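Read top to bottom, the protein sequences are chains A and S.
Note that the working numbering gives residue 54 to position 54 of the first sequence, counting from 1, and the numbers run on in steps of one.
Note that the working numbering gives residue 543 to position 198 of the second sequence, counting from 1, and the numbers run on in steps of one.
Ideal Cβ positions, reconstructed from N, Cα and C, are used throughout, including at glycine.
On a predicted model such as this, the values are computed, not experimentally measured, just so you know.
Protein chains: 2
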Amino acid sequence: MYRLDEIEEIKFINHLISGFKKSPLQMNRIHTSDSEIIMLDGMDKLVAITTDGISEEIELNIFTDPYLIGWMVVLMNLSDLAAVGAEPIGLLLNQTFEKTVGSDFINALQLGISDACKSADTFILGGDTNFSSHFNFCATAIGLTNGKQYLSRIGMHEGDILYSTSRLGIGNAFAFSRIFVNGRNEIKYLPKPQFDKSKIISRFAASCIDSSDGLFASLDQLIRLNKSGITLFGEISLIICEDAKEICRMYDIPEWLMLAGPVGEYELIFSIPQNRENEFLKSAEKVNWQPVKLGIAVEKPELFIQNKSKLSSVNTAKIRNLSALLYSNPTQFLVELINIYEESF
Amino acid sequence: MYRLDEIEEIKFINHLISGFKKSPLQMNRIHTSDSEIIMLDGMDKLVAITTDGISEEIELNIFTDPYLIGWMVVLMNLSDLAAVGAEPIGLLLNQTFEKTVGSDFINALQLGISDACKSADTFILGGDTNFSSHFNFCATAIGLTNGKQYLSRIGMHEGDILYSTSRLGIGNAFAFSRIFVNGRNEIKYLPKPQFDKSKIISRFAASCIDSSDGLFASLDQLIRLNKSGITLFGEISLIICEDAKEICRMYDIPEWLMLAGPVGEYELIFSIPQNRENEFLKSAEKVNWQPVKLGIAVEKPELFIQNKSKLSSVNTAKIRNLSALLYSNPTQFLVELINIYEESF
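Rendered as structure tokens:
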């Protein structure tokens, strides 16, 4: 129960790395933090480094706008730095263009990259460019922590309060509108890096992860790693954003889907020990930030959600393992997800 | 004459980055070193970071063996660290697998990765895994220089002696055997990282670059960046390896092609000021290394080659710009290359 390798993706990655040796300079274990953490001799900070690319969302036509693709590849890497409490030094790009690529596509892509860097006061340090029959784009970000501490996914304890940097669901709302209603609802999706909030979170949080694969995937990962469960407080409508609510109303789908789907909003999800909560909230208030209270860590390692006065356990492993289906058959994916929803309540 | 942007690839990259701002922490300018060089506050070393992937060689079936692909993606990144005089901390992988990928392919690929890491006493630190309709694989390597110096492509002066870590041509010999004779000649191609030699080179060299795109591309880059030319000494057969010679004999092609083709051997190509040459050679001898003397830096910024007692200038821009043709029409590429050879002599 609640083993990491119940998740197909984790099992696959564990197989990939089974013959690799771990560096003695590496502080984190696999799966336990959003970036890799390296301790270098004589440095009073830790190096954080992470790599991430987009394939699936492009093939599924969720991301078609080259500006958005450029922005997202930078953002998803910066988000992994923010989730460990690091600030960026810069990024390297790895771009494989189609031989027939046009200059409009390239210009918009590079503008998205450049604007995403500016939004975090960071830089492209270098890269590699190739040509192929298929477009492929990934990046690597490097950063430094503030001192020798870093935010890890490990550390959540029973009684900790779970927070998100902002309301959730915009990624899944955007994906729904792109896949199922052909983008007719113009959802604005352009996640911002969370470095300012990450600095505050670093001072108080026991654990942190970004919501790059949607809320449930993040919570499931925290639950598996910490062997504690999470109970979400109250109504889902209190933690999802207006655009996500609007999509649910218009297409008569449960708001729950906006948290269960795998397209993330790149907020930070973190747990604060109860005895630090007041101090944390005061620090947030000083910068006019209202963190969104999600729930509480509980003993039994499952995700519990209140719906119409009933508390139900959600099969988050099944949900995460469904994601592969999204990219082959989105309609069946949605049907299966709604089935899990109906089983749960 | 001899401007960097005569080279199509460089012109394209300059366009890609035209809207990007340079980090104040970055020591190198674009195109001037094999890795990006970052100076961090309070560190007595420089961070070197580089990213590189394979697409073209896979699409052209030059690289088909998954073990070789795994090895090469690690090696080509490590080679860029060695070329700036850095030692590796580790690598991050970015792997996009086909949905139908088999476990034999994966196991061989990962073994190649792992063995290449072992050959340099380094580690995979992390990575990202995606699925798509097409295989794509790149990596990022991070390392540290020894002190605050790094090897740059800039610094070659007239009179400097040009060296290579070993004899050349194995990459083009391998590619020739794979493309034109269907791999019937079993050329062993598995370049090794040059960290031991790079340590010695760092102490003496005025400039350094790896031969990842073949010798002529490396020399052309040094010539353009330093606005000095290079005259190769004597016969080509003295600087190419036995396997390359054998391929030339068997298929009656000029040995010159083994230096002109774009598939590299990942040796280091470097210039030593004449007044340091004796000391350099003594240091090399101590570790039983015989560097291969290639030529001398001259005033006129062109590449000159001696052939049958005639000294000719080689149009290296034309050769480099031909490379795009290799990946669409290898036979025409070879014909064009032989035309350039015949024009030259």
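Asked                                                                                                                                                                             : Found
Pairs of beta-carbons, one from the stretch 278-290 of chain A and one from the stretch 213-232 of chain A, closer than 8 Å: are there three or more?                             : no
Can you tell which of A:E336, A:T331, A:N307, A:N226 has its C-alpha closest to the C-alpha of K318 (chain A)?                                                                    : A:E336
Which term fits T409 (chain S), buried or exposed, when burial requires 16 or more other beta carbons within 10 angstroms of its beta carbon?                                     : exposed
Could you tell me which residues DSSP pairs with G638 (chain S) in its beta bridges?                                                                                              : Residue identity differs from the one stated: residue 638 (chain S) is Lys in this sequence, not Gly. Answer is S:Y508.
How many Å lie between I399 (chain S) and K590 (chain S) at the Cα?                                                                                                               : 26 Å
Is F270 (chain A) helix, strand or coil by DSSP?                                                                                                                                  : strand
Contact criterion: CB-CB distance below 9 Å. Does D555 (chain S) meet it with respect to chain A?                                                                                 : no
From the DSSP secondary-structure annotation, give me the bridge partner or partners of E503 (chain S).                                                                           : Its beta-bridge partners do not exist; DSSP assigns none.
Use the C-beta contact count for G387 (chain S): other C-beta atoms within 10 angstroms, 16 or more gives buried, fewer gives exposed.                                            : exposed
Out of S:D588, S:R569, S:S522, which one is the CA nearest neighbour of E644 (chain S)?                                                                                           : S:R569
Given A139 (chain A), which residues of its chain have a CB within under 6 Å of its CB, disregarding the five upstream and five downstream residues?                              : V73, N77, L91, L93
If you draw a straight line from the C-alpha of T331 (chain A) to the C-alpha of L322 (chain A), how long is it?                                                                  : 12 Å
Name the residue from S:L456, S:S582, S:K544 whose alpha carbon lies nearest to the alpha carbon of P599 (chain S).                                                               : S:S582
Measuring only between beta-carbons, confirm whether T395 (chain S) sits less than 9 Å from chain A.                                                                              : yes
So, under 8 Å CB-CB, S616 (chain S) and I499 (chain S) are touching, yes? Tell me the CB distance rounded to an integer number of Å.                                              : Not a contact, Cβ separation roughly 11 Å.
Under 7 Å, CB to CB, which of the residues in the stretch 111-142 of chain A have a partner in chain S?                                                                           : L111, S114, F123, I124, L125, G126, G127, D128, T129, N130, F131, S132, S133, H134, N136, C138, T140, I142
From the DSSP output, which residues share a beta bridge with S657 (chain S)?                                                                                                     : S:I650
Strictly below 8 Å CB to CB, what residues from chain S border Q26 (chain A)?                                                                                                     : G435, F468, L470
Go ahead and label D389 (chain S) buried or exposed: buried means 16 or more other beta carbons lie within 10 angstroms of its beta carbon, across all protein chains shown.      : exposed
State the start and end residues of the unbroken alpha helix (DSSP H) segment that holds E117 (chain A).                                                                          : Checking the sequence, you will find Cys at residue 117 (chain A) rather than Glu. Counting along the chain, the alpha helix (DSSP H) containing C117 (chain A) begins and ends at 103-119.
Excluding the five sequence neighbours on either side, which residues of its own chain have a C-beta within less than 6 Å of the C-beta of G264 (chain A), listed in chain order? : G171, S211, S212, D213, G214
With a threshold of 16 other CB atoms inside 10 Å of the CB of Y611 (chain S), please say whether the residue is buried or exposed.                                               : buried
Which residue comes first and which comes last in the beta strand (DSSP E) that contains P433 (chain S)?                                                                          : 431-443
Using DSSP with H/G/I as helix, E/B as strand and the rest coil, what is E336 (chain A)?                                                                                          : helix
Compute the distance between the beta-carbons of L413 (chain S) and D379 (chain S), then report whether it is under 9 Å.                                                          : no
Spell out whether any CB of chain A is found under 9 Å from the CB atom of K366 (chain S).                                                                                        : yes
Can the beta-carbon of S464 (chain S) be found closer than 9 Å to that of G19 (chain A)?                                                                                          : no
Would T96 (chain A) count as contacting chain S if we go by Cβ distances under 9 Å?                                                                                               : yes
If you pair each beta-carbon of the stretch 474-488 of chain S with each one of the stretch 126-140 of chain A, do three or more pairs fall below 8 Å?                            : yes
Measuring only the C-alpha atoms, how far is G169 (chain A) from A453 (chain S)?                                                                                                  : 40 Å
For the stretch 653-676 of chain S, enumerate the residues whose C-beta is nearer than 8 Å to any C-beta of chain A, in chain order.                                              : A669, Y672, S673
Look up S543 (chain S) in the DSSP assignment and say whether it is helix, strand or coil.                                                                                        : helix
Determine the chain A residues that contact F357 (chain S) at a beta-carbon separation under 8 Å, and present them in chain order.                                                : T129
Quick one: is Q539 (chain S) buried, meaning 16 or more other Cβ sit within 10 Å of its Cβ, or exposed?                                                                           : buried
What three-state label does DSSP hand G516 (chain S) in the structure shown?                                                                                                      : helix
Of the residues S:Y534, S:A550, S:D350, S:A431, which one's Cα is nearest the Cα of R621 (chain S)?                                                                               : S:A550
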